[in-house]
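Reading through the structure tokens given below for one structure.
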Amino acid sequence: MTHGAPGTVRGGKNDTEESVERGGFAMTAFAQGADLVEVRPVGWDDAAAVALRGAMTEEMDARYADLLAVIGLVPDGMNVEPETVAYTGVAYVAEDVAVGHVALRRLGGDLELKRMFVTPSHRGTRVARALLAAAEDAARALGAPRVVLQTGPRQPDAVRMYEREGYTPVPVFPPYDRLPGSLCFQKPL
431 MTHGAPGTVR
441 GGKNDTEESV
451 ERGGFAMTAF
461 AQGADLVEVR
471 PVGWDDAAAV
481 ALRGAMTEEM
491 DARYADLLAV
501 IGLVPDGMNV
511 EPETVAYTGV
521 AYVAEDVAVG
531 HVALRRLGGD
541 LELKRMFVTP
551 SHRGTRVARA
561 LLAAAEDAAR
571 ALGAPRVVLQ
581 TGPRQPDAVR
591 MYEREGYTPV
601 PVFPPYDRLP
611 GSLCFQKPL
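For my numbering, count along the sequence shown from 1 and bump the result up by 430.
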């Protein structure tokens with residue numbers, strides 16, 4: 431991926447991304463061929479954002495049910511408190527269908543990628559890449575030196591995507607040091 435004019439990212443052969451300022455953050459439109467993914471900045475309590483986070487919670491609860499049974503309640507600091515959220519984006523495709531979610535929360539001096547989720551029907555269609563690019567653009571606009579994230583060992587597709595997009599492993603940072611199997615990454619901006 432190469433960067434052109436500010437706010438523009440170009441990916442592969444037929445990939446283009448544009449950013450348009452809207453409400454303090456850029457709205458990202460990502461096209462591959464004829465398919466268009468539009469990532470819109472929204473409030474944390476936006477109905478589509480809430481619904482997508484609910485779908486993610488259901489999927490993760492099922493994927494990690496045995497681990498959650500062992501550790502009990504999710505350790506403090508892992509739930510996202512609305513007042514810590516610096517950016518929320520929802521990805522839309524044709525006919526205004528919400529298919530993905532991403533957020534950034536303040537964590538110390540960093541911004542942490544949170545609640546990155548793409549509906550199963552749209553995985554492998556570059557929606558995740560569009561969400562990640564929009565979050566990184568927002569982090570840059572907020573002056574963050576890097577983006578950090580945590581994921582789990584049962585999400586190998588996510589790990590591969592993060593590594594492909596330039597994220598590198600870092601030691602597990604709080605609060606995830608209390609969650610067995612955590613994998614943490616960073617990307618300097």
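Cβ coordinates follow ideal geometry from the N, Cα and C atoms, glycine included.
Fewer than three beta-carbon pairs drawn from the stretch 570-583 and the stretch 474-488 are found closer than 8 angstroms, and the two stretches are therefore not classed as touching. Less than 8 angstroms separates the beta-carbon of Leu-561 from that of Gly-530. DSSP assignment within the stretch 557-590 yields the following whole alpha helix (DSSP H) runs of 4 residues or more, N-terminal first: 557-571. Secondary structure of Leu-609 (DSSP, three-state): coil. C-alpha of Asp-465 to C-alpha of Gly-554: approximately 13 angstroms in a straight line. According to DSSP, residue pairing for His-552 in a beta bridge does not occur.
Contact check for Val-472 against Ala-521 fails: the beta carbons are separated by 8 angstroms or more.
Val-515 carries a strand assignment under DSSP once its states are collapsed to helix, strand and coil.
Put simply, the backbone Cα of Ala-588 is about 11 angstroms away from that of Arg-559. For Val-467, the uninterrupted beta strand (DSSP E) run begins and ends at 465-471, by DSSP. For the pair Leu-613 and Pro-599, the CB atoms are nearer than the 8 angstroms cut-off.
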